[in-house]
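S.K.: What follows is a structure written as structure tokens; I'll ask about it next.
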Amino acid sequence: MRLISTASALILAASATMAADEAVWKITDLDSGERENLCDRQIQTCQNNCGGPDEAPMAFCNPDTMGWGCGCKSNTPSFKSWNWPVPARDCAGSLAICKENCGSQSGDRNKCYENCSTSHQCNTEDAPISYTNTTDFDVSPAYVGPAVSYKGDDLGDLNDGNDRTNLGSSSSENPETNDAKNDISNAVDSSSDHSSATDPLLKSAGMALLTFTIATAASMF
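Per this note's numbering, the sequence shown starts with residue 317, numbered consecutively.
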């Protein structure tokens, strides 16, 4: 009986050690140089899509939080969300941690690696949504949200160390980011009526937020 108890204790201890060793993906853990470079590229991508810096009044990216946004003065960005520099890097980082965690978990590691590749098809509409976009430079992103692809498919366990247990399929830690993502269909339907704005209207916070939401939503399609 003592041998069985000892063996059980060792197994539990080993399992606890493996769980404690699980890596966690956080885009803010990237070194400052890479974060600044990503933000520079993010802003430049937005400006290019809008038609130039003067046409992109809501092109911003905070290298400290990695929160970003893009809103054009007279059109909507054509670049797909999964291809923007910050979301693409967020996916790549999550994929790397997913595979790293396969090495510290029991079971078929090859299957684990395969699942990571299936759930992290970065730079495609099958990539997991990156919860990094925000409504303002000083607003922190949600970072973690439901494991859903830009296409709307449930991706299951992303295995990147982030707890998504209580997030369901549509909740988010940041209501503003959640609204920008969950109102996609309504925003796209009305984008033809609201995608243009004059300079005076852009000075209105309400119109700026509307423009941003439409631009973000439309870029997902």
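Ideal placement from N, C-alpha and C gives every residue a C-beta, glycine not left out.
When the Cα atoms are used, what is the spatial distance from D454 to F376?
M.R.: Answer to the nearest angstrom: the Cα atoms are 10 Å apart.
S.K.: Looking only at its chain, what residues have a beta carbon closer than 8 Å to the beta carbon of S456, apart from the 5 residues adjacent to it on each side?
M.R.: Cβ within range, chain order: T381, G383, T450, N490.
S.K.: Could you give the first and the last residue of the continuous alpha helix (DSSP H) run that contains C355?
M.R.: That run of the alpha helix (DSSP H) goes 348-366.
S.K.: State buried or exposed for S539, treating a residue as buried only when at least 16 other CB atoms are found within 10 Å of its CB.
M.R.: Limits of the chain in this structure are 317 at one end and 537 at the other, which puts residue 539 out of reach.
S.K.: Under the assumption that E430 contacts K467 (Cβ atoms under 8 Å), give the Cβ distance between them as a whole number of angstroms.
M.R.: E430 to K467, Cβ: 20 Å. No contact.
S.K.: Any beta carbon of chain C sitting closer than 9 Å to that of E441?
M.R.: Of the chains in the structure shown, none is chain C; there is only one protein chain.
S.K.: Over the uninterrupted alpha helix (DSSP H) stretch that includes P401, give me the two end residues.
M.R.: Per DSSP, P401 belongs to the alpha helix (DSSP H) from 401-418.
S.K.: Using 10 angstroms around the beta-carbon of C446, count the other beta-carbons present and answer buried if the total reaches 16, otherwise exposed.
M.R.: Looking at the sequence itself, residue 446 is Ser, so the reference to Cys does not match. Classification of S446: buried, given that the 10 Å Cβ count is 16 or more.
S.K.: Return the residue from the list D347, A408, P401, V460 that minimises the CA-CA distance to R357.
M.R.: Looking at the Cα atoms, P401 is the closest of the given residues.
S.K.: Tell me whether the beta-carbon of L474 lies closer than 9 Å to the beta-carbon of A458.
M.R.: Contact: no.
S.K.: By DSSP, does S435 sit in helix, in strand, or in coil?
M.R.: In the structure shown, S435 sits in a helix (DSSP, three-state: H, G or I).
S.K.: Where does S465 sit, in a helix, a strand or coil, going by DSSP?
M.R.: Three-state DSSP puts S465 in a strand.
S.K.: Roughly how many angstroms separate the alpha carbons of T361 and C432, rounded to a whole number?
M.R.: So the two alpha carbons sit approximately 28 Å from each other.
S.K.: When you compare only the Cα positions, how much space is there between Q437 and N399?
M.R.: Near 11 Å, if we compare the C-alpha coordinates of N399 and Q437.
S.K.: Can you tell me whether N482 is helix, strand or coil according to DSSP?
M.R.: Here N482 sits in coil by DSSP.
S.K.: Starting from the C-beta of N378, find all residues in its chain whose C-beta is less than 6 Å away, skip the five residues before and the five after it, and write them out in chain order.
M.R.: F453, listed in sequence order.
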